[in-house]
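This note's numbering applies: residue 15 is where the sequence shown begins, and numbers increase by one.
Glycine included, each C-beta is placed from N, C-alpha and C at the ideal position.
Being a predicted model, the structure only gives us computed values, none of them experimental.
Read through the structure below, which is laid out as structure tokens, and then see the notes.
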Amino acid sequence: MSDEKQDSAWFRHKESGQVFEASGRFLPDARKNRDLEETSDPVVAVKMELDKRGVKYQPNTGYKKLQALLDEAVAAENEGQ
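Here it is as structure tokens:
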């Protein structure tokens, strides 16, 4: 994959599992950040995080709803700590 022409990429935060897109001037910083890992498909990354946490979802659920479910699960985990 040639990174010279790429102007955005998807990343997953290793602890929280949150997935987001970095672009423009933020892309180099995101690639250097050791708490982030680059992912090719954000939906798959979110589904993997939900599966790890035992959260149920429908197979055809859209990305935004999946991300909202993950955000709720992370918030519930943080409240329990």
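Inset, instruction - Output the distance between the C-alpha atoms of D85 and Q32, rounded to the nearest integer angstrom. - result: 7 Å
Legend entry - Rounded separation between F34 and D49 - CA only: 13 Å
Legend entry - Where V58 falls: helix, strand or coil (DSSP): helix
Legend entry - Rounded distance between the beta-carbons of Y77 and V57, thought under 8 Å: 5 Å
Legend entry - Rounded separation between E52 and K70 - CA only: 25 Å
Inset, instruction - Classify V69 as helix, strand or coil using the three-state DSSP reduction. - result: coil
Inset, instruction - Identify, in the order they occur along the chain, each residue of the same chain with its Cβ nearer than 8 Å to the Cβ of R39, setting aside the five sequence neighbours on each side. - result: none
Inset, instruction - Would you kindly work out how many angstroms separate the C-alpha atoms of V88 and Q20, rounded to a whole number? - result: 30 Å
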